[in-house]
Amino acid sequence: MLHKVTEDDGGLLHNEFYTYCTLCSDQFGQPKKIDRKNVQRHFRTKTHLKFKARYERQGAPAVNNTNQACEVTEVALMSDNYDYSANTSIPPWELPNMSFKASCIDANVVYTPSPDKLVERPYSGSEYEAARNPRQEELGIDSDDLFEASREQGGPSISSSEQESSSDTSDSDSGDDLESEFDMGNRSEDTYGMSFDQHVIVDGTNDWSPWPSKSMFLADLIMNSKRLKFTRRQMRVLLAYARETQGRGVPSLKSLKKTQSALKNKLGNPMIRKVSPNGNIFYMNQIIKGIAQDMANPYLRKYMNFYPHFDGNRMSEVWHGSKMLCDAPDHLLTPMIRYNGKIFYVNELVKRKNDWFLPLRWIMMDERCEPCAIGYKVGEQPGGLHVHNDRRIIVPVSGFCQSFPELMAHKIIPEFDDDSQSFLTGMPHPLRDLAKSQPVYSIPIILFMDDVSGNITRQWNKHISSYISNGALARQVLHSEYSVRFVLTSKHAEAAELMHGIREDLRESFRYPIVAFDCEAQEEVLIRPYPLFSSADNPMQAEQCSCPLQNANIFCRTCHVGGTNEFKQSEMGYATLFRPGEMRTPTQTLGRINALLDMSIQAAQKTRIKDQARDWGVKDTLGQIVIDKLVDMGQKLRTTSRTNAEITATLQTELEIARHKGCVNAFLDMDDLGFNVHEDTPTEILHTILLGVVKYFWGQTVFVLSKPHRMHLLETRLGSIDVAGLNIDSILEGYICHYTGSLIGKHFKILAQVMPFACYDLVHCDLFEVWLLLGQLTGLLWYTEINHVDNYLVELQAIIDEFLTAAARCSPSIIVHKPKFHFLVHLPMYIRRFGPAILFSTERFESFHGVFRAGSLFSNHHAPSRDIAEYFVGLDRLKHICSGGYWQDSTGWRQASPLVQNFISEHKEFSNLIGFPSATKHPGFVTTLPSKSPLLSYKYWHEFSANKSIYLFNAPCLDINRDIYFCVLSVTSKTGDTIKVGSNVLFQREFGQVKSLFACKTSDGGTRHFAAIKHYHISPVKHTVFNMPILMLEHNSNVSCIPIQDIICPINIQHDCVESRNCSQYQVTERQEREDTSRTQNRVQHLDDGRFVLNIHGLHNASHIRQALPPSLVQWRGLNVDPVEVRHAAVQKLAEASTNKVIQAEARKAAKNAFSTIVHGKSGDLESQNSAITISSSGQGIKRRRTTHKA
């Protein structure tokens, strides 16, 4: 009987389960077993090359790396007394007393006396197919103010193989902890070095029953520990580690820590110790060191930009904002630019073709990113060069002929006139001598600070933590967790104390730039960071601005709006809440804090200080500590015999000491870094919109629907909404409607997009208008790219005004009691200053709290600030090395070996560990049907188009008789979304439904992909209820065949139940634990009438959808009310409510007094009667006793 054996790649043979190398041997002298996916890697190992050379020297035919087939006419089963030493490729090691025959038979393998042949048992049917195509193992109701009514109701290094690993890593530092492959042959089976791919031995010497092997037993044991639960991702990583190392060269914990410490020293330790003004100790990772790693990271560097960019009316990045373009001081921005090999600096004279120029800042212009300079024109006057500093102009850098060093070298610098001599003092630029020929870049920093619990339990373990993002990164990378860096944390210091550490670190780093490696230009550069803005929730931003938020008359951190409660509820005061007030300035706030400090050394000023701080809207955390201390000290000193002058002098000395240490908010004194804390703490949309206004009106909606018991109807409608195109998995209507007070940001984001389709006839029209405006507002604020800033801001301002008016009409008191409504009026200013609102959202930072919490949990909590900072140093080190980042050693700048970089890129389970962004499908990517799918068939056009909607058009390719057509599963749109058959899409500025996705194999060997799309008809008028476009799908609608590259994005449409009016309910089976139950759920049965509403409130791809529609179909229809009248009516309602509250309070007080009078009166009568009865009874007792005595 003939058996065909395939000898693969130089002595590799396969059976159904394993791959063996007959040239190499394991510690038992048996053919070495390797993983299928590591075959090519095994060829490069030193052990394999050594055995191969020995085998060829003994006269055997040379083994190449091509597939060879040989015929074997006789099969000999291995006997127990077989002489293993006959195999010249196997060293004469002492073999253990174990039967290899049984394991080979059990593994479906027969072994021959030949030293290099392994014969497989013949396969049949599906077994052969499975062996030929092996699968690799796989390695996340009635009230004028609903707000008041609801509130009252309580409403580490990798070798190329295991052989190299044992030899390369056994250096002098770690030789005691790492064992080589040969050492492992002498170890007992219950040690670390046990091979993870063991044969199942049935003679009892290696029986791990009921587990098939020791490795399986250990894996099961590890992953089912009581208090050490592994996630699926962690399981895959652990098993992948075992497979990659095969249990060899496993380091001890000591050697692992030693290696980690050595790597940290190689890259540099950015952690430094800080002491706050109040004496609290904390540790922080220097910001500039993290930015230097970004410069040396090939993945991040390609997305970095160092200059402001004016792109007309288009805005999508922070460098498009007005702060970097106009408002930031000139000295703050990148001071140089390289053009045609020349380096030009700001404040240095430049020779142009026909004149002179003095550049002050560099910007990029238009889509071409043409480098330009903003500065002063310099003209020649009889007295010398005159700088026209009355007006700034923009000139292209391409017109610069000679730089200042060239002018100095040629000695052709003219004299300046008397009025322009001051400009000559800054030449040459101070950084030119420091940098020499190296570029100098200024990097904008986005700050974040928040209080976060270090526990996963409900016990609050408060840590004030700060993270940063590199503002020079493009938005697509800026939003990923990969780009977030930890700075500091403390359990003891307050946020104001930590701000001192951040300011001093930024100030020192900007003043003394450090050397970094630009991996893109392959050169050293100087970098210096500066703060761009601070993103946080509203309470933290208020503390950064020294504003007490709600507990003050002037509550806004940006402007001076507000006043007493009486003023805010008056006609004039109520109107001020709808527009920005006079802007605050850091100088003014700092002056008021110092005034309060000066008042604290005077007598009897405690109440006055409190009232003045409330009227000014100022409260500084550090300053208040000093004020309280000085007031208490003054009260104690004034009880002694000291004079007022002595007491004042003592208190003044204490105040000066406190000021020297730093007793005022550090963020108020950052003018040198161009940071205006009142203008650079933008309104954050997560907490202000989703966890703010949306949450408030959700509470009112629940209040309205709970009384008539209609929440079940809202749940039914939410469960019936189509979520396709919204980029959400499901609505979770059961949770939302049953746990109404426990919702988080993602729930409110869903509600803002779909709520109008569920409550259109369940709530009052005023509340419904609020939900419509909330959908419009959130849709605009979640834009990732703004194509026309001016038009966008006009529309946004109109929506904000309308929303505030609708909110005042629905709930007048909410405007007064909730500051977040006023914060909305500052959003247009912040968007123009920093770009789209999504850029200063805190969602990525809030998500990073999970990473922080992991560092806090696995710590002994004796030094939490230091331990957590060290934890993030290790994370950043590993991420930088594995991403191909460069670091400096004695030989220069170097990066990890290609083996390390390739390993990370090829193993998804390990790249996920370091947070490396997953590769996204590029537009036009096609997912084909499985090979065994019944839908996959290759046909000519006339057969393929039969019984399909695509029969309505001709074949998209020319050669009908030779081109082959077949269906595909899905395609990827321009926006990166997956499109399948049945998806509703936007294509070529039209809307349609995908009826078919198919491909054509042309006669020239190419493949083209197409989509058959049935067009929607767009109604020229909007929906009267939803204020959204109407789409109609008719049976005779056109069907177009388009290339898949023309599909822009998916859209979300909802059935028009308002016009149909005949949509009924039906019941579906409720699923629990992935099973159908006997329980049912109600769903809405939509009519198939082809009438739909285009949901323009969806946040996903909103800008693309709006651009494809006429302006008349996306504009807000307006409330058709006079805002002045609405505010007037709101003030009247507030006055009536206030009067009613006073009357009710007096009535309650009168009723309480009356009840007390009645109760006390009756109790008095009862007490007198009881006294009389007691006296009478006592007298009778005495009388009886006396009578008895006489007797």
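Just so it is clear: in the sequence shown, position 1116 is 1116 by UniProt numbering, and no numbers are missing.
All C-beta atoms in this analysis are idealised placements derived from N, C-alpha and C, irrespective of residue type, glycine included.
This one's a predicted model, so the numbers in the text were calculated from it and none came from an experiment.
Check                                                                                                                        : Outcome
Through-space distance from Gln612 to Phe1155, alpha-carbon basis                                                            : 42 Å
Beta-carbon contacts of Gln605 that lie in its chain and below 6 Å, excluding the five residues immediately before and after : Met599
Rounded distance between the beta-carbons of Phe667 and Ala536, thought under 8 Å                                            : About 11 Å separates the two Cβ atoms, so there is no contact after all.
Burial state of Val397 (16 or more Cβ within 10 Å)                                                                           : buried
For Ile799 and His780, believed in contact at Cβ under 8 Å, the rounded distance                                             : Residue identity check: residue 780 is Leu in the sequence provided, not His. At roughly 6 Å, the Cβ-Cβ gap stays under 8 Å, so Leu780 and Ile799 are in contact.
Sub-8 Å separation of His492 and Asn280 beta-carbons                                                                         : yes
Beta strand (DSSP E) segment containing Ser261, residue limits                                                               : Here Ser261 belongs to no beta strand (DSSP E); instead the alpha helix (DSSP H) covers 253-267.
Beta-carbon contacts of Pro812 that lie in its chain and below 6 Å, excluding the five residues immediately before and after : Asp145, Ala1130, Lys1133, Leu1134
Buried/exposed call for Arg277, threshold 16 Cβ in 10 Å                                                                      : A quick correction: the sequence has Pro, not Arg, at residue 277. Looking at its Cβ environment, which holds 16 or more other Cβ atoms inside 10 Å, Pro277 is buried.
Meets three-Cβ-pair contact criterion under 8 Å: the segment 1062-1078 and the segment 995-1012                              : no
For Arg710, the three-state DSSP class (helix, strand or coil)                                                               : coil
Close beta carbons around Gly375, own chain, < 8 Å, minus the five adjacent residues each side                               : Val346, Phe357, Leu358, Pro359, Leu360, Arg361, Arg392, Ile393, Val395
Residues that Thr1069 bridges to, as DSSP identifies them                                                                    : Thr1080
Cβ-Cβ separation, Gly321 to Gly835 (assumed contact under 8 Å), whole Å                                                      : 5 Å
Nearest neighbour of His463, chosen from Ser865, Phe697, Phe768 [CA to CA]                                                   : Ser865
At least three beta-carbon pairs within less than 8 Å, the segment 545-556 to the segment 474-493                            : no
The segment 930-938 touching the segment 901-911, judged by at least three CB pairs closer than 8 Å                          : no
Spatially closest choice to Gln1081 from Arg1091, Val1068, Val1093, by CA coordinates                                        : Val1068
Classification of Thr19 by the beta-carbon crowding that lies within 10 angstroms, buried from 16 upward                     : buried
Cβ-based neighbour list, Ser730, same chain, cut-off 8 Å, excluding 5 preceding and 5 following                              : Val723
Selected residue, minimal CA-CA separation from Ile337, among Asp355, Tyr307, Met324, Gln522                                 : Tyr307
Length of the line joining the Cα atoms of Gly855 and Ala296                                                                 : 25 Å
Tyr339 - DSSP class collapsed to helix/strand/coil                                                                           : strand
Pairwise C-alpha distance: Lys214 and Thr927                                                                                 : 40 Å
Runs of alpha helix (DSSP H) wholly within the segment 440-514 (minimum 4 residues, chain order)                             : 475-478, 495-511
Sheet register partners of Ile393 (DSSP bridge)                                                                              : Gly375
Euclidean distance between Cα positions of Glu654 and Thr640                                                                 : 18 Å
Nearest neighbour of Ser316, chosen from Thr784, Ser931, Leu793 [CA to CA]                                                   : Thr784
Alpha-carbon spacing of Gln888 relative to Ser483, whole angstroms                                                           : 22 Å
Backbone secondary structure at Asp518 - three-state DSSP                                                                    : strand
Entirely enclosed alpha helix (DSSP H) segments - the segment 677-764, minimum 4 residues                                    : 695-706, 711-719, 733-738, 745-759
Coil, strand or helix - Ser983 by DSSP                                                                                       : coil
Sub-8 Å separation of Leu1094 and Met1028 beta-carbons                                                                       : yes
Beta-carbon gap between Leu532 and Met427 smaller than 8 Å                                                                   : no
CB contact flag (Lys302, Glu523, <8 Å)                                                                                       : no
Stretch-stretch touch, CB-based, cutoff 8 Å, three pairs: the segment 972-980 with the segment 1044-1051                     : yes
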